[in-house]
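Participant: Here our numbering is used: the first residue of the sequence shown is 34, the next is one more, and so on. Where is the CB? At the ideal position from N, CA and C, for every residue including glycine. For clarity, every value in this text was computed on a predicted model and none was experimentally measured. This is the structure I have questions about; it appears just below.
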Amino acid sequence: MQANEEVLQQILDILKPLVPDGLEITPETALVTDLGLDSLKVMKIVESLEDSLDISIPINILSDVRTVKDLELQIQKIN
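Here it is in structure tokens:
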């Protein structure tokens, strides 16, 4: 099981290239409304997280994910 900080850092590293320059990503950043991510980008993020953390993320948890922190918490539950 990876520490919360490690999971959060992995998420931030994966999100960084997908956001506009100058936009700071925090745990409270909303994936769709703040970052403008569409469903395809979200699925690519999930795929990248699965690869980097060596886990399988069930698609059904994504309905509960709004922010970076929500994503981290869901990953912690399955990790």
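Tell me which residue opens and which closes the alpha helix (DSSP H) that I88 is part of.
Facilitator: Position 55 of the sequence shown, counted from the first residue, corresponds to residue 88. Careful: I88 lies outside any alpha helix (DSSP H) and carries neither H nor E.
Participant: Does the region 89-98 come close enough to the region 49-57 that 3 or more CB-CB pairs lie under 8 Å?
Facilitator: no
Participant: If I'm right that N112 touches V40 with Cβ under 8 Å, what's the distance once you round it to whole angstroms?
Facilitator: Residue mapping note: residue 112 aligns to position 79 of the sequence shown, counting from 1. Residue mapping note: residue 40 aligns to position 7 of the sequence shown, counting from 1. The beta carbons of N112 and V40 sit about 7 Å from each other, so the pair counts as a contact at 8 Å.
Participant: Can you tell me whether L56 is buried or exposed, with buried defined as 16 or more other CB within 10 angstroms of its CB?
Facilitator: Position 23 of the sequence shown, counted from the first residue, corresponds to residue 56. With fewer than 16 Cβ atoms within 10 Å of its Cβ, L56 is classed as exposed.
Participant: Which residue or residues does DSSP assign as beta-bridge partners of A63?
Facilitator: Against the sequence shown, residue 63 aligns to sequence position 30. Bridge partners of A63: T100.
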